[in-house]
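**Q**
Residue numbers (this note's numbering): 744 to 912.
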């Protein structure tokens, strides 16, 4: 929400402007994501998870301090299960996460849509995941034509998602 303390710094950019100013530094993610979160513009340092139809690590990470960070989840592009729902999204908000990019599906879209959290995902699916504790964190993941490296920066708005090796805004 514009003007809220948690959103103050991330509301100072537009991805087209960043692309114009830093064309040699940014990678642009292919336009495949839908914006579901209540925060339309978000950015921060990338933290990654790689999992497939198991959101155990998502549950762990959103419980950690996410101030200034964006969680990037490579869920393998699965369209069969949702790796994020309203309870985990609420936990992400309470722990200061700027946003979540889900290369897969989410659920509880109406509830997530009113949270002060940026959420981009491939789609929505009502089925939750299995909880087997399977997955990896903090490794480079690639989808949408871009490699997301922990420690790099991601910026997202209604124009798209970009990644850069350093903070741009």
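Backbone N, C-alpha and C define an ideal beta-carbon position, used for all residues, glycine too.
Compare the Cα-Cα distances from residue 811 to each of 780, 867, 836, 883 and report the closest residue.
**A** As a working mapping, residue 811 is identified with position 68 in the chain shown. For residue 811, the nearest C-alpha among the options comes from 836.
**Q** Does the region 754 to 774 touch the region 890 to 907, meaning 3 or more C-beta pairs lie closer than 8 Å?
**A** yes
**Q** Of all the options 863, 873, 797, which has the alpha carbon lying nearest to the alpha carbon of residue 813?
**A** What you label residue 813 is simply residue 70 of the chain shown in a count that begins at 1. Nearest of 863, 873, 797 to residue 813, Cα basis: 863.
**Q** Is the Cβ-Cβ distance between residue 854 and residue 829 less than 8 Å?
**A** Residue numbering aside, residue 854 sits at position 111 when the chain shown is read from its first letter. Residue numbering aside, residue 829 sits at position 86 when the chain shown is read from its first letter. Contact: yes.
**Q** Measure the C-alpha to C-alpha separation of residue 877 and residue 827 and round it to an integer number of angstroms.
**A** Within the chain shown, numbered from 1, the residue matching residue 877 stands at position 134. Within the chain shown, numbered from 1, the residue matching residue 827 stands at position 84. Cα to Cα, residue 877 sits roughly 15 Å from residue 827.
**Q** Pop quiz: residue 825 and residue 848 are said to be a contact at Cβ under 8 Å. What is the actual Cβ separation, rounded to whole angstroms?
**A** The residue labelled residue 825 in the question sits at position 82 within the chain shown. The residue labelled residue 848 in the question sits at position 105 within the chain shown. That pair is a contact at about 5 Å.
**Q** Taking residue 869 as the reference, which of 766, 821, 763, 789 has the closest Cα?
**A** One-based indexing of the chain shown puts residue 869 at position 126. The candidate whose alpha carbon is nearest that of residue 869 is 821.
**Q** What three-state label does DSSP hand residue 859 in the structure shown?
**A** If you number the chain shown from 1, residue 859 lands on position 116. Three-state DSSP puts residue 859 in coil, outside helix and strand.
**Q** Let me check understanding here. Comparing Cα to Cα, which of 881, 804, 819 lies closest to residue 887?
**A** Reading the chain shown from its first residue, position 144 is the one you call residue 887. Nearest of 881, 804, 819 to residue 887, Cα basis: 819.
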